Every structure is written in structure tokens, then in C-alpha cells.
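In what follows, a structure is listed as C-alpha cells, so that the remarks can point back to it.
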């Protein structure tokens, strides 16, 4: 299980050194990292290092994942494995068809259209993740539509620092850089 998935599932983070001799919980054993972190672990650490206290992607059982590329699919699968209810949304019919056997809820829709998101019931989700990486315009417009729907927690994937700054200004509560 990756560091990002551990942080999403267990927002308390790593245990302080004072607890080093305390018995480990099952969650701690699942999330133990190797001694040397790989490059992907380092980027996941950087992406989650600024986590605010009490705010976690997995704190609500319903999460909307928009964009089912590598990152979106992996996130949806991990949250599903952790018992969270996940709805995946993508504009590509082929991707939706590929994800249908492994996800309970997957829908083809234009996420930049606020009315389409409203019809999907996006406003009922406690958390939304914009996992669109390659199309910056779609990422920004989707984030804006989710802000307009007043989603309580919006996490957005950014591919550059400038993209991340724009997403924050638009209203994303958390910007992550998974790559």
C-alpha cells in the first residue's frame, strides 16, 4: 500500500518517536514504509506533508473521483478496498467500460458541466477528488463546478506549481502533486 493511500486512510500520520516502543496497531503495520523511500513515496510525502489536522480524504464514506487515469483509478480502488463508497467519473467511454468490472459506481460524464455534476448527485458527496492531470482547462473548470456545488472537501491533482496555485484560487481545499 502506498504512502499516499496510508495518509488518506489514516490521517493521524506517522507515530511520534515517543510511541516507538508502544504496540503497533493493525493500521500501523499495514502502512509501514520501507527504510528507503522510493521517488514515488517522496512525492507522495510532499503531496501530503501539508495535511491540516482533522481533514482527511477518507473521513467521509462517500468520495467522488473525477478522472480515471492511473492516479484516479488507483485512488478509487484503494478507497474502495478500505470500505469507502466511491463514484468514478470520466469523459471517456472506453475508460468507463474498463473500470466497470472493478468499481461499483462509474459514470461517463462531462465533469466541466456543473449541470451534469448536479444530475449525478455530486453535491451529496462529502469529498470530491479532481484527478484530471493532462487537461489543465478541464481540471480547473471541474474544480470550479465542484466549488459552485458547495462540496465540503475538494482535492485536486496538479501537474505544475502554477496549475496548483490556480486550483487553490479557484477553491480547491487541497492540491496534490502525485507525480
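Residue numbers (the numbering used here): 167 to 345.
Quick reminder that beta carbons are idealized off the backbone N, C-alpha and C, glycines included.
Keep in mind it's a predicted model, so treat the numbers as computed, not measured.
(request) Starting from the Cα of residue 238, find the closest Cα among 247, 228 and 254 and give me that residue. (result) In the chain shown, residue 238 corresponds to position 72, counting from 1. Closest by alpha carbon: 254.
(request) Would you list, in sequence order, the uninterrupted alpha helix (DSSP H) runs of no fewer than 4 residues that lie entirely inside the segment 255-296? (result) Whole alpha helix (DSSP H) segments, 4+ residues: 259-265 and 280-286.
(message) I need the DSSP call for residue 232, collapsed to helix, strand or coil.
(response) For the purposes of this step, residue 232 is taken as residue 66 along the chain shown, with counting starting at 1. Of the three classes helix, strand and coil, the one that applies to residue 232 here is strand, per DSSP.
(message) So, does the segment 265-282 touch the segment 323-335, judging by three or more C-beta pairs under 8 Å?
(response) no
(message) I need the straight-line Cα distance from residue 251 to residue 227, nearest angstrom please.
(response) Looking up residue 251 in the chain shown gives position 85. Looking up residue 227 in the chain shown gives position 61. Per the coordinates, the alpha-carbon of residue 251 lies some 6 Å from the alpha-carbon of residue 227.
(message) Within a Cβ cutoff of 6 Å, which residues of the same chain sit near residue 294, ignoring the five residues on either side of it in sequence?
(response) On the chain shown, residue 294 is found 128 positions in, with the first residue counted as 1. 230, 312, 317 and 320, listed in sequence order.
(request) Measure the beta-carbon distance from residue 278 to residue 308 and round it to whole angstroms, keeping in mind my assumption that it falls under 8 Å. (result) Residue mapping note: residue 278 aligns to position 112 of the chain shown, counting from 1. Residue mapping note: residue 308 aligns to position 142 of the chain shown, counting from 1. Indeed they touch by this definition, with Cβ atoms about 6 Å apart.
(request) Note the first and the last residue of the continuous beta strand (DSSP E) segment covering residue 322. (result) Mapped onto the chain shown, residue 322 falls at position 156. From DSSP, the beta strand (DSSP E) with residue 322 extends over 319-323.
(request) Compare the Cα-Cα distances from residue 287 to each of 275, 257 and 298 and report the closest residue. (result) If you number the chain shown from 1, residue 287 lands on position 121. For the residues 275, 257 and 298, the minimum Cα distance to residue 287 belongs to 275.
(message) I'd like the span of the beta strand (DSSP E) that includes residue 342, first residue to last.
(response) The count along the chain shown starts at 1 and reaches residue 342 at position 176. Taken as a continuous stretch (DSSP letters only), the beta strand (DSSP E) holding residue 342 covers 340-342.
(request) Name the two residues that bound the continuous alpha helix (DSSP H) containing residue 305. (result) Numbered from its first residue, the chain shown carries residue 305 at position 139. Run containing residue 305: 302-314, per the alpha helix (DSSP H) assignment.
(message) If distances are taken between C-alpha atoms only, which option among 337, 336 and 297 comes closest to residue 343?
(response) One-based indexing of the chain shown puts residue 343 at position 177. Closest option to residue 343, Cα to Cα, is 297.
(request) Go through its chain and collect everything with a Cβ distance to residue 291's Cβ below 6 Å, but skip five positions before and after it. (result) As a first step, residue 291 is located in the chain shown; it is residue number 125 there, counting from the start. So the qualifying residues of the chain are 228 and 230.
(request) Report back the beta-carbon spacing between residue 241 and residue 280 to the nearest angstrom; my notes put them in contact at under 8 Å. (result) Taking the first residue of the chain shown as position 1, residue 241 is located at position 75. Taking the first residue of the chain shown as position 1, residue 280 is located at position 114. In fact, because the Cβ distance is near 23 Å, the residues do not count as touching under 8 Å.
(message) With H, G and I counted as helix, E and B as strand and the rest as coil, what does DSSP make of residue 328?
(response) The residue given as residue 328 occupies position 162 in the chain shown. Looking at residue 328 - three-state DSSP - the assignment turns out to be helix.
(request) Give every residue of the same chain whose Cβ lies closer than 7 Å to the Cβ of residue 340, excluding the five residues on either side of it in the sequence, and list them in chain order. (result) Sequence index remark: in the chain shown, residue 340 carries index 174 (1-based). The residues are 321.
(message) Using DSSP's beta-bridge definition, name the partner residues of residue 251.
(response) Translated into the one-based positions of the chain shown, residue 251 becomes position 85. The partner list for residue 251 (beta bridge, DSSP) reads 228.
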